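Undergrad:
Numbering (my numbering), first residue to last: 2 to 238.
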């Protein structure tokens with residue numbers, strides 16, 4: 002592992018730790034010697050995601066009190082998953098990697114990731130007390146550059162700040178598939194047919210995940226969506 006790659010691991014872990022919506026601020030400390038027995042036992046329940054870009058990486062967050070974040074995020078309502086709550090933290094972690102795409106976070110096993118010799122494990126602590134772990138595995142697709150300075154992140158306060166986590170809500174009224182020739186041939190005035198009929202419900206997506214159906218309405222000359230059905234997490238996977 003090069004010095005630049007080691008710096009990337011550390012920068013990403015520190016950014017992720019500072020952005021986690023926990024009751025107290027967390028500190029990420031590199032854990033040499035591979036995963037501990039406790040981490041190996043708990044890694045079966047983690048939030049994992051992958052980033053693809055000039056520098057690609059796999060990330061996992063294992064928290065001792067993941068249930069507290071789950072409850073505080075209102076996941077029992079089925080509207081927001083724990084992966085949604087941690088999405089901004091994962092975005093903060095990959096910011097130093099530069100341009101790329103962060104895949105959808107999901108609650109899954111990270112046993113294989115934490116056991117990989119290429120992964121770097123960081124212990125999460127608060128006032129010296131263990132709170133969890135972060136595992137990051139960087140896959141070098143080319144020249145690894147110095148980490149990009151991440152935007153400053155507010156220090157964690159209490160679990161109530163989860164309610165202030167901003168997420169991207171998208172309304173999709175339809176889609177279609179087109180050949181490259183048809184795309185290149187588009188011009189102003191062209192009509193593109195979508196895969197839904199008039200009056201069909203629109204999809205409401207949270208961070209790219211389908212969470213509800215609704216109908217498009219107009220409010221004060223602006224488009225809006227009236228929610229007609231809320232889907233629980235099980236229906237969206």
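A virtual CB, placed ideally from N, CA and C, is assigned to each residue, including glycine.
These numbers come from a predicted model, not from an experiment.
1) For residue 139, which residues from the same chain have a beta carbon less than 7 Å from its beta carbon, with the 5 sequence-adjacent residues on both sides left out?
2) Of the choices 111, 206, 123, whose alpha-carbon is the least far from that of residue 17?
3) Once you ignore the five residues that flank residue 169 on each side, which residues in its own chain have a CB closer than 6 Å to its CB?
4) What first and last residue would you give for the beta strand (DSSP E) that runs through residue 184?
5) Compute the Euclidean distance between the alpha carbons of residue 44 and residue 210, then round it to the nearest angstrom.
6) In the DSSP assignment, what residue or residues form a beta bridge with residue 130?
7) Who are the Cβ neighbours of residue 204 in its own chain at under 6 Å, not counting the five residues just before and after it?
8) Among the candidates 97, 219, 135, whose CA atom is the shortest distance from the CA of residue 125?
9) Please state if the CB of residue 114 and the CB of residue 103 are separated by a distance shorter than 9 Å.
10) Helix, strand or coil for residue 81? Go by DSSP, reduced to three states.
11) Could you pull out every residue in the same chain whose Cβ sits closer than 6 Å to the Cβ of residue 95, ignoring the five residues on either side in sequence?
12) Drop a sphere of 10 angstroms on the beta-carbon of residue 26, count the other beta-carbons inside from all chains shown, and report buried for 16 or more, exposed for fewer.
13) Extract the residue ranges of the alpha helix (DSSP H) inside the segment 206-236, only unbroken runs of 4 or more that lie entirely within it.
14) In terms of residue numbering, what span does the alpha helix (DSSP H) encompassing residue 43 cover?
15) Return the bridge partner residues of residue 51 from the DSSP annotation.
16) With residue 113 as the anchor, note down where its alpha helix (DSSP H) starts and where it stops.
17) Beta carbon of residue 98, beta carbon of residue 13: below 9 Å?
18) By Cβ distance below 6 Å, which residues in the same chain neighbour residue 64 in space, the five residues on each side in sequence not counted?
19) Please classify residue 12: does DSSP put it in a helix, a strand, or coil?
20) When the distance is taken between beta carbons, is residue 61 closer than 9 Å to residue 137?
TA: Per the coordinate set shown:
1) As a position in the chain shown, residue 139 is number 138, starting the count at 1. 6, 9, 10, 56, 58, listed in sequence order.
2) On the chain shown, residue 17 is found 16 positions in, with the first residue counted as 1. Of the candidates 111, 206, 123, the one whose C-alpha sits nearest the C-alpha of residue 17 is 123.
3) Taking the first residue of the chain shown as 1, we reach residue 169 at position 168. The answer, listed in chain order, is 208.
4) As a position in the chain shown, residue 184 is number 183, starting the count at 1. Careful: residue 184 lies outside any beta strand (DSSP E), inside the alpha helix (DSSP H) at 181-185.
5) Sequence index remark: in the chain shown, residue 44 carries index 43 (1-based). Sequence index remark: in the chain shown, residue 210 carries index 209 (1-based). Near 24 Å, if we compare the C-alpha coordinates of residue 210 and residue 44.
6) Locating residue 130 in the chain shown gives position 129, where the first residue counts as 1. Beta-bridge pairing links residue 130 to 127.
7) Counting from one through the chain shown, the residue named residue 204 turns up at place 203. 173, 211, listed in sequence order.
8) In the chain shown, residue 125 corresponds to position 124, counting from 1. Cα-wise, what sits closest to residue 125 is 135.
9) By one-based count along the chain shown, residue 103 stands at place 102. By one-based count along the chain shown, residue 114 stands at place 113. No, the Cβ-Cβ distance between residue 103 and residue 114 is not below 9 Å.
10) Locating residue 81 in the chain shown gives position 80, where the first residue counts as 1. If DSSP states are grouped into helix, strand and coil, residue 81 belongs with coil.
11) Translated into the one-based positions of the chain shown, residue 95 becomes position 94. 52, 103, listed in sequence order.
12) To locate residue 26, count along the chain shown from 1; it is residue 25. It counts as exposed.
13) none
14) For the purposes of this step, residue 43 is identified with residue 42 of the chain shown, where counting begins at 1. Where residue 43 is concerned, the enclosing alpha helix (DSSP H) stretches over 38-43.
15) Along the chain shown, read from residue 1 onward, the residue named residue 51 stands at position 50. DSSP, once it has assigned bridges, lists 59 as partnering residue 51.
16) Walking along the chain shown from the start, residue 113 turns up at place 112. Segment 112-116, the alpha helix (DSSP H) holding residue 113.
17) Position 97 of the chain shown holds residue 98. Position 12 of the chain shown holds residue 13. Cβ atoms of residue 98 and residue 13: closer than 9 Å.
18) In the chain shown, the residue the question calls residue 64 occupies position 63. So the qualifying residues of the chain are 133.
19) Working through the chain shown from its first residue, we reach residue 12 at position 11. Reduced to three states, the DSSP call for residue 12 is helix.
20) For the purposes of this step, residue 137 is taken as residue 136 along the chain shown, with counting starting at 1. For the purposes of this step, residue 61 is taken as residue 60 along the chain shown, with counting starting at 1. Going by C-beta atoms, residue 137 is nearer than 9 Å to residue 61.
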